[in-house]
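Just so you know, the sequence shown maps onto residues 1 to 233 in our numbering. Since the structure comes first, as structure tokens, the remarks are kept for the end.
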Amino acid sequence: MKMVLAGSSHWHAEMHLDAARFCGAEIAGIWDEDAQHARAFATRQHLPFIADFAKILSSPPDAILLMGHPSTIPARARAVIEAGIPLILEKPAASSAAALAVLSELARQHQAFVSVPLPNRFGPAATAFERLRSQGRAGAVAHCQFRLVNGPPQRYAADGVAWVVDPAIGGGGALRNLGIHGVNAALGLATGALRLKTVSIENRIHRAAVEDHALLVLEDAAGALFVVEAGYT
């Protein structure tokens, strides 16, 4: 499989590159809105540098991993979807749910392949449980807990992506950025719809514009509880 990594300045770019190489993918090129960054990244990794995003669309790879700033990603994602190229869309892809809903509808209309890197649903524990469930060897889900607490919000500024903790751009704080992983995992295990029972969203340590800690308690149609905790604490 040939892949293009579009958005080398995203803080997950090297992690995704490692994962793609581990899976045997051929990296057909590196692109970024900041051409200088992409060129340096490509040189460091001994990969082709792509200067023009249009070239990716005109000579499409098997898949594009698209990462970047929410102000530019929606238009780039639209172009990829309309070109019929399979898309891996890194978060946050937009500053609001409304903007994401437009992309979701476009993907549905084009019957496009669009995935988002939310690995909890496909992690070792979840896949082992699904295997047992498919064999009729798993009991009912009663309660689950997903906790992702990373470093302080200042680390994003250190990585050159301070906009992640700007609510007008990143769209939120620890819950939106990190808690989404736990919520997605809960959706994969839940029976029927999830409803919110309890929520706490606070600045417990850092006096930032976004929350540094969030805790959700969700319940599915069968009464199973899912606790999701996320933080920059």
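Each residue gets a CB set at the ideal place from its N, CA and C atoms; glycine is no exception.
- Rounded to whole angstroms, the Cβ separation of V227 and V217 is 6 Å, and the two are in contact under 8 Å.
- Of the residues assessed, H110 falls on the exposed side of the cut-off, its CB having fewer than 16 other CB atoms within 10 angstroms.
- The bridge partners DSSP lists for K2 are E26.
- Distance from the CA of G182 to the CA of L106, rounded to the nearest whole angstrom, comes to 26 Å.
- For secondary structure counted as the alpha helix (DSSP H) over 4 or more consecutive residues, the region 17-76 holds these complete runs in sequence order: 35-45, 53-58.
- Under the three-pair Cβ rule at 8 Å, the region 69-78 does not count as touching the region 140-148.
- For H10, no beta strand (DSSP E) run applies, since DSSP gives it neither H nor E.
- Between A20 and M3, the CB-CB gap stays under 7 Å.
- For R147, the enclosing beta strand (DSSP E) has its first and last residue at 143-149.
- Here L100 carries a helix assignment [DSSP, helix/strand/coil].
- The continuous alpha helix (DSSP H) containing G188 extends over residues 180-189.
- Between R207 and T233, the C-beta spacing is not below 7 Å.
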